[in-house]
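Peer 1: First to last, the protein sequences are chains A and B. Letter by letter, the first sequence follows residues 1 to 115 of our numbering. Letter by letter, the second sequence follows residues 116 to 229 of our numbering.
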Amino acid sequence: DTGVSQNPRHKITKRGQNVTFRCDPISEHNRLYWYRQTLGQGPEFLTYFQNEAQLEKSRLLSDRFSAERPKGSFSTLEIQRTEQGDSAMYLCASSGGLAGGREQYFGPGTRLTVT
Amino acid sequence: SQQGEEDPQALSIQEGENATMNCSYKTSINNLQWYRQNSGRGLVHLILIRSNEREKHSGRLRVTLDTSKKSSSLLITASRAADTASYFCATTNAGGTSYGKLTFGQGTILTVHP
């Protein structure tokens, strides 16, 4: 069990550019979640996959955001035409496995800065 | 949107003292979880309490849940400097799956002085 990994850890981009983040969950977990966290706040839910199916999307996830989880393994989160308001820490979490646990295991996050 | 509020927003204590943090939420829940976040280890799950449970213990942690008041508390006993972190409560809503999204509070920043 190597934990949840996220790449890149940091991303600086100019406004209007597209960015893509990757999340590799714990291998036996079938559920994968994306959250966004800004300074001084708790994480806010963005979207959730069970296997390859995207089961829920937050209203925070505008049409500039898209997430995929092909083959129910890793996931990508893409932000198109980035805006300064997109600057945040993007967190990925996974849960599930044989024990079917409800607790979520979080990755270290990708810190996005839009200049 | 945030589920509710945590109280206090910041707490400063001496090593060996107990720390109590409170969390309030707005909607009926399936379960409530507490997480710790520090710069070194990111967000880490601490403990989960189901909506039909009233109290749960794990090591130096004690969690209570009062669904009639829509509130929970986290007690850390015999605190250590390593407990310095932000603590968040998070809930899964009763209307959805218990495996679904977590709705987090704004967190309590705990500082434990050696």
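From the three backbone atoms N, C-alpha and C, an ideal C-beta is built for every residue, glycine too.
DSSP on B:Asp-122, reduced to helix/strand/coil?
Peer 2: In the structure shown, B:Asp-122 sits in a strand (DSSP, three-state: E or B).
Peer 1: Verify whether the separation of the beta carbon atoms of A:Leu-91 and A:Gln-17 is less than 7 Å.
Peer 2: No, the pair does not count as a contact, with Cβ atoms beyond the cut-off.
Peer 1: What separation, rounded to the nearest whole angstrom, lies between the Cα atoms of B:Ser-116 and B:Gly-131?
Peer 2: Residue placement at B:Ser-116 is flagged as unreliable, the pLDDT there being 47, under the threshold of 50; the coordinate-derived value follows with that caveat. Rounded to whole angstroms, B:Ser-116 to B:Gly-131 spans 35 Å at the Cα level.
Peer 1: Would a check of beta-carbon distances place A:Gly-85 closer than 7 Å to chain B?
Peer 2: Closer than 7 Å: no.
Peer 1: Assuming the contact rule is C-beta atoms closer than 8 Å, B:Ala-209 and B:Ser-127 should be a hit. Round their C-beta distance to whole Å, please.
Peer 2: Actually they do not touch by this definition, with Cβ atoms about 35 Å apart.
Peer 1: Below 8 Å on C-beta distance, what does B:Gly-210 contact in chain A?
Peer 2: Near B:Gly-210 there are no residues of chain A at all, since even the closest Cβ is about 12 Å away, more than 8 Å.
Peer 1: Would B:Gln-221 and A:Gln-41 qualify as a contact pair, given that the criterion is a beta-carbon distance under 7 Å?
Peer 2: The answer is yes: Cβ separation under 7 Å.
Peer 1: Find out if the Cβ-Cβ distance for the pair A:Pro-70, A:Gln-6 is shorter than 7 Å.
Peer 2: Going by C-beta atoms, A:Pro-70 is not nearer than 7 Å to A:Gln-6.
Peer 1: Cα separation between B:Gly-174 and B:Leu-163?
Peer 2: Each residue's Cα considered, the two are about 13 Å apart.
Peer 1: List the residues of chain B whose Cβ lies closer than 7 Å to the Cβ of A:Ile-109, in chain order.
Peer 2: Looking at the sequence shown, residue 109 of chain A is not Ile but Gly. Those are Gly-157, listed as they occur along chain B.
Peer 1: Under three-state DSSP, which class holds B:Ala-196?
Peer 2: Three-state DSSP puts B:Ala-196 in a helix.
Peer 1: Determine, using beta carbons only, whether B:Leu-217 and B:Tyr-202 come nearer to each other than 7 Å.
Peer 2: No, the pair does not count as a contact, with Cβ atoms beyond the cut-off.
Peer 1: Here's the rule: buried if 16 or more other CB atoms are within 10 angstroms of the residue's CB, otherwise exposed. What is A:Ala-116?
Peer 2: Any question about residue 116 of chain A goes unanswered here, given that chain A covers just 1 to 115.
Peer 1: Pick out whichever of A:Glu-44, A:Phe-106, A:Tyr-48, A:Val-19 has its Cα sitting closest to the Cα of A:Arg-64.
Peer 2: With distances taken between Cα atoms, A:Arg-64 lies closest to A:Val-19.
Peer 1: Report the three-state DSSP secondary structure of A:Gly-101 (helix, strand or coil).
Peer 2: It is a strand residue.
Peer 1: Return yes when the C-beta of A:Arg-59 is under 6 Å from any heavy atom of the ligand HEM, and no when it is not.
Peer 2: What this structure holds is no ligand at all, so the ligand HEM is not there to describe.
Peer 1: Which residues does DSSP pair with B:Asp-181 in a beta bridge?
Peer 2: According to DSSP, B:Asp-181 bridges with B:Ser-186.
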